[in-house]
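Each remark here refers to the structure printed beneath this line.
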Amino acid sequence: MKNIVILISGRGSNMQAIVRAARNEQWPCRIAAVISNRADAEGLQFAAQHGIPAEVVVSKDFATRDAFDAALQAVIDRFAPDLVVLAGFMRILTPKFVEHYAGRMLNIHPSLLPSFPGLATHRQALAAGVKVHGATVHFVTAELDHGPIVAQAAVPVLPGDTEDALAERILVEEHKIYPQSVRWFVEGRLSIDNGLVSIADEPQLA
Ligand code: GRF
Numbered sequence: 075m076k077n078i079v080i081l082i083s084g085r086g087s088n089m090q091a092i093v094r095a096a097r098n099e100q101w102p103c104r105i106a107a108v109i110s111n112r113a114d115a116e117g118l119q120f121a122a123q124h125g126i127p128a129e130v131v132v133s134k135d136f137a138t139r140d141a142f143d144a145a146l147q148a149v150i151d152r153f154a155p156d157l158v159v160l161a162g163f164m165r166i167l168t169p170k171f172v173e174h175y176a177g178r179m180l181n182i183h184p185s186l187l188p189s190f191p192g193l194a195t196h197r198q199a200l201a202a203g204v205k206v207h208g209a210t211v212h213f214v215t216a217e218l219d220h221g222p223i224v225a226q227a228a229v230p231v232l233p234g235d236t237e238d239a240l241a242e243r244i245l246v247e248e249h250k251i252y253p254q255s256v257r258w259f260v261e262g263r264l265s266i267d268n269g270l271v272s273i274a275d276e277p278q279l280a
């Protein structure tokens, strides 16, 4: 059984999608803990209701990024994670923290990386006039929103779209590709070679 620790900052809908899929599809894993950097994160209630240990490490309480990341790492490592899943975790992480979880930390970003890293991705997409937009699951590396790509989903950008409309359309896809990616990891099917991810037993072109 692989241990998964999920980090959230708010609503936690991706976390919920992963927990539900793991249970419904009986993945060989345990959702060992959900950890938030905000005490008021809505997702904490879902975790508690589903019998998942829920912890809070309040980022505001720490004077430096290093101090927060060290405290967070100590809490995460109590659960001996095979995989750390960032699910709407709105913190920039220090290189030291990222290195500690190299090859075993995933993130979801609401754009088709490498387009539109950073914040306000839907605003960036609308301003650029792109006709497709989407979401990316990637391994986390020290460079923000740049790690090896595991999965992507695209949606059309429609005339009259707003940031909210785009976010909603993309979230539906996030809830498919994030559980799928975590499942691949749990099944030991992901490998990284030279910054590129291979998925074992994926259908190949003839
Ligand atoms: C998602 O759009 C995710 O891609 C982004 O923040 C949002 C989090 O939503 N990083 P939720 O907390 O999973 O509902």
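The sequence shown begins at 75 in this note's numbering and counts up one residue at a time. Backbone N, C-alpha and C fix where the C-beta goes; we use that ideal spot for every residue, glycine too.
Do the CB positions of residue i and residue j come within less than 7 Å of each other?
{"i": "S83", "j": "M179", "result": "no"}
{"i": "A227", "j": "G203", "result": "no"}
{"i": "M89", "j": "A161", "result": "yes"}
{"i": "L118", "j": "A128", "result": "yes"}
{"i": "L240", "j": "H196", "result": "yes"}
{"i": "V260", "j": "C103", "result": "yes"}
{"i": "P253", "j": "A95", "result": "yes"}
{"i": "I80", "j": "L157", "result": "no"}
{"i": "V130", "j": "S110", "result": "yes"}
{"i": "R282", "j": "E116", "result": "The structure shown does not extend to residue 282, since the chain is modelled only from 75 to 280, so the question has no answer here."}
{"i": "V229", "j": "I244", "result": "yes"}
Is residue i close to the ligand GRF? I mean its beta-carbon at under 6 Å from any heavy atom of the ligand.
{"i": "S189", "result": "no"}
{"i": "P184", "result": "yes"}
{"i": "A161", "result": "yes"}
{"i": "N268", "result": "no"}
{"i": "R85", "result": "yes"}
Given residue i, which residues of its chain have a CB within under 7 Å of its CB, disregarding the five upstream and five downstream residues?
{"i": "S255", "result": "L180, V211, V224, A225"}
{"i": "R139", "result": "T168"}
CB-CB under 6 Å to residue i, same chain, minus the five flanking residues each way: which ones, in chain order?
{"i": "T215", "result": "G221"}
{"i": "K76", "result": "C103, D156, V260"}
{"i": "Y175", "result": "V158"}
Give the range of the alpha helix (DSSP H) segment to which residue i is assigned.
{"i": "L118", "result": "117 to 123"}
{"i": "E247", "result": "237 to 260"}
{"i": "Q147", "result": "139 to 151"}
DSSP three-state label for residue i, please.
{"i": "V108", "result": "strand"}
{"i": "K170", "result": "helix"}
{"i": "K205", "result": "coil"}
{"i": "L81", "result": "strand"}
{"i": "I266", "result": "strand"}
{"i": "A87", "result": "Looking at the sequence provided, one finds Ser at residue 87 rather than Ala. Looking at S87 - three-state DSSP - the assignment turns out to be helix."}
{"i": "S272", "result": "strand"}
{"i": "L160", "result": "strand"}
Is it the case that the CB of residue i approaches a heavy atom of the ligand SAH more closely than 6 Å?
{"i": "N88", "result": "In terms of ligand content, the structure shown lacks the ligand SAH and carries the ligand GRF instead."}
The beta strand (DSSP E) that contains residue i, what's its start and end?
{"i": "M179", "result": "179 to 183"}
{"i": "I126", "result": "Here I126 belongs to no beta strand (DSSP E), and DSSP marks it neither H nor E."}
{"i": "A227", "result": "223 to 230"}
{"i": "V214", "result": "Per DSSP, V214 belongs to no beta strand (DSSP E) and is neither H nor E."}
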